[in-house]
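Residue numbers (our numbering): 1 to 293.
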């Protein structure tokens with residue numbers, strides 16, 4: 001099970017879902033200038049993040065969330081209510097086989113588009129006025145470049161062995177929908193001489209699957225770095241036990257010092273994607289499904 005599939009039955013996951021959802025409910029307008037990212041879907045046969053017209057016609061829409069649960073005293077938010085609100089945020093629907101998809105015109109898609117728009121505007125400004133010698137952008141993969149909502153929703157945001165197996169199969173079959181604004185940004189950046197580097201919390205036994213997945217979706221790749229399961233490189237002082245922030249920031253540091261890259265921005269669905277330094281600005285995409293500290 002990859003770290004993005006956190007069992008929603010754990011205390012950590014419940015807290016993460018509640019905290020993330022509070023951001024969702026606040027709306028995109030409250031997003032800080034230093035955060036970013038939104039995603040819509042592709043229109044290819046593998047499925048889009050907004051859902052195809054044919055699939056929608058045969059689909060069963062996710063019900064509108066019921067009235068808010070009556071809380072007593074210091075009782076936390078009701079978990080079933082949170083899950084319903086997350087599905088509504090993605091405008092989720094199920095197809096004839098019972099599998100979940102991101103629906104058209106979702107608030108999630110709108111928020112992603114807004115944030116990626118901010119990231120592109122910043123990149124354009126830097127290239128026009130303060131371009132480094134070797135400009136670079138760092139992209140996360142899961143729920144930044146692709147959306148894992150379908151499998152997470154299929155398994156009720158609960159993780160577990162079956163969800164992990166379905167997740168691995170979706171990666172291998174390349175059936176997760178692409179986050180189209182991220183792909184568009186990566187394509188534009190690459191065409192303008194910017195190095196596009198992917199740094200992901202996936203373990204390095206998935207390197208081939210991950211590379212095939214990204215290239216199959218059309219992403220340019222100037223660098224691809226996954227967490228080592230064994231034999232960590234010397235630039236990772238935390239070795240094989242790195243959490244997201246030290247793994248990603250130390251990898252950026254290594255590329256800056258060894259390759260001369262200057263990361264103008266880092267984009268991900270988690271704060272840990274861009275925390276730790278060695279990027280000029282971080283942009284966060286919305287993800288109410290899980291938290292990776």
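The beta-carbon is built from N, C-alpha and C at its ideal position, and this holds for glycine as well.
Just so it is clear, the structure is predicted and the values come from calculations on it, not from any experiment.
- At which residue ranges does the segment 232-279 contain complete beta strand (DSSP E) runs of 3 or more residues, listed in the order of the chain? 262-268
- Query: Expressed to the nearest angstrom, what Euclidean distance is found between the alpha-carbon atoms of residue 231 and residue 180?
  - Reply: 35 angstroms
- prompt: How many Å lie between residue 126 and residue 264 at the Cα?
  reply: 8 angstroms
**Study point:** Segment contact, 8 angstroms Cβ cut-off, at least three pairs: the segment 204-215 with the segment 226-241
**Key:** yes
**Study point:** Sequence-distant residues of the same chain with beta carbon closer than 8 angstroms to residue 170, five excluded per side
**Key:** Within the same chain, and ignoring the five residues on either side of residue 170 in sequence, the residues whose Cβ sits closer than 8 angstroms to its Cβ are 148, 150, 151, 176.
- Message: Taking contact to mean 3 or more Cβ pairs, one atom from each stretch, closer than 8 angstroms, check whether the segment 242-255 and the segment 184-201 are in contact.
- Response: yes
Length of the line joining the Cα atoms of residue 235 and residue 254: Computed Cα separation, rounded: 6 angstroms.
- How about residue 294 and residue 157: do their beta carbons lie closer than 9 angstroms? The chain is shown only over 1 to 293; residue 294 falls outside these bounds and no answer can be derived.
Checklist entry - Do residue 219 and residue 115 have their C-beta atoms within less than 9 angstroms of each other? => result no
Pick helix, strand or coil for residue 200, following the three-state DSSP scheme.
-> strand
Beta bridge counterpart(s) of residue 71 as assigned by DSSP: Residue 71 is not bridged to any residue.
Kindly list the residues whose CB is nearer than 7 angstroms to the CB of residue 308, restricted to its own chain and excluding five residues on each side of it in sequence; keep chain order. Any property of residue 308 remains undetermined from this structure, which presents the chain solely from 1 to 293.
Hey, how far is the Cα of residue 212 from the Cα of residue 73?
51 angstroms
| message | Does residue 41 come out as helix, strand or coil in the three-state DSSP assignment? | response | Below a pLDDT of 50, predicted positions are generally treated as unreliable, and residue 41, at 39, falls in that range; no measurement from the model is reported.
* Asked: Taking only runs of the alpha helix (DSSP H) that begin and end inside the segment 161-225, which ones reach a length of at least 4 residues, in chain order?
  -> 161-173, 180-191, 207-217
Practice task
Could you name the residues of the same chain whose beta carbon sits closer than 8 angstroms to that of residue 215, not counting the 5 residues immediately before and after it, in chain order?
Solution key: Residues 221 of the same chain have their beta carbon placed closer than 8 angstroms to that of residue 215, with the five preceding and five following residues left out of the count.
TODO: Would you please state the rounded distance, in angstroms, between the beta carbons of residue 256 and residue 290? I believe it to be under 8 angstroms.
DONE: Residue 256 to residue 290, Cβ: 29 angstroms. No contact.
task = With DSSP collapsed to three states, give me the class of residue 111.
result = Residue state, collapsed to three classes: helix.
With DSSP as the reference, identify every bridge partner of residue 282, one or two as the case may be. 266
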